[in-house]
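These notes concern the structure reproduced below.
Numbering (the working numbering), first residue to last: 2 to 284.
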């Protein structure tokens, strides 16, 4: 592979399970990155994979996803009730997600990863993209996952940071700035076949973020595809579940792994086009 290949992992809530299937297929074929760039749930998967970038590591990541419950990631406690009442600026207590990361990420600082990893967040005040490449990995990933109004901003140094999806959903631009000559994007896709609007505030926020990510990916591809080689692993389509629903992780992983294997068999790594599943469409 090219000596400057980057895996870029986008956000997408519980659809992060799709990326695990993609990683499993890529790792099984010996496709390895020289750097990993992740935002939002892509920062979780990216940080984990960067610490264990092999078949065994992906297997452990899959087991983790298959055991996840919504209550572990989005525990709506009293702080959340206060947030919904307007007395706090967030709805979900982040302690469950912090505990999950502390218990499972295989290293403590970003610079300790086996593959260089870069976590993308957004400066809450300026709106600018912030790249985190060193320091506590849990704090960096929490900042990248801090969906506005859902989780609280994370203060690192003098900056208040929120979800990387706000400024750079699929951080292709960061990988380009880091000098990647080849970028392999692992998107999560979006719920293109749900029967109606999401029924809760958090589910609505997550669905909106996944739509934003898909649109931003298209824009970034158009902006940067002449600067560097960009290959996008096709996301699943149709998707009928919600990015707020963690009950289908195993099925999403298996489906994504099979689809990615088929894509690889058909020369997917040579296809420099944007999958139709990320473009506006209906079922």
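We put the CB at the ideal spot given by N, CA and C, even for glycine.
Query, Result
"Sequence-distant residues of the same chain with beta carbon closer than 6 angstroms to residue 21, five excluded per side", "62, 63, 66, 254"
"Three-state class that DSSP yields for residue 158 in the structure shown", "coil"
"CA-to-CA distance, residue 218 to residue 7, given in whole angstroms", "16 angstroms"
"Reduced DSSP secondary structure (H/G/I, E/B, other) of residue 8", "strand"
"Chain-order list of residues whose beta-carbon lies under 6 angstroms from that of residue 251 (same chain, five-residue window excluded)", "67"
"Backbone CA spacing between residue 269 and residue 175 [nearest angstrom]", "23 angstroms"
"Where residue 164 falls: helix, strand or coil (DSSP)", "strand"
"Residue 104 burial status per 10 Å Cβ neighbour count (16 or more: buried)", "exposed"
"Buried or exposed (CB count within 10 angstroms, at least 16 for buried), residue 331", "As displayed, the chain neither begins before 2 nor continues past 284, which places residue 331 out of reach and without an answer."
"Spatial distance of residue 86 from residue 128 (CA atoms)", "Because residue 86 carries a pLDDT of 44, less than 50, the predicted location of this residue cannot be relied on, and the following value inherits that uncertainty. Straight-line Cα distance between these residues: approximately 26 angstroms."
"Beta-carbon contacts of residue 278 that lie in its chain and below 8 angstroms, excluding the five residues immediately before and after", "190, 193, 235, 236, 237, 238"
"Distance between residue 145 and residue 101 (C-alpha atoms, nearest Å)", "15 angstroms"
"Spatial distance of residue 28 from residue 155 (CA atoms)", "32 angstroms"
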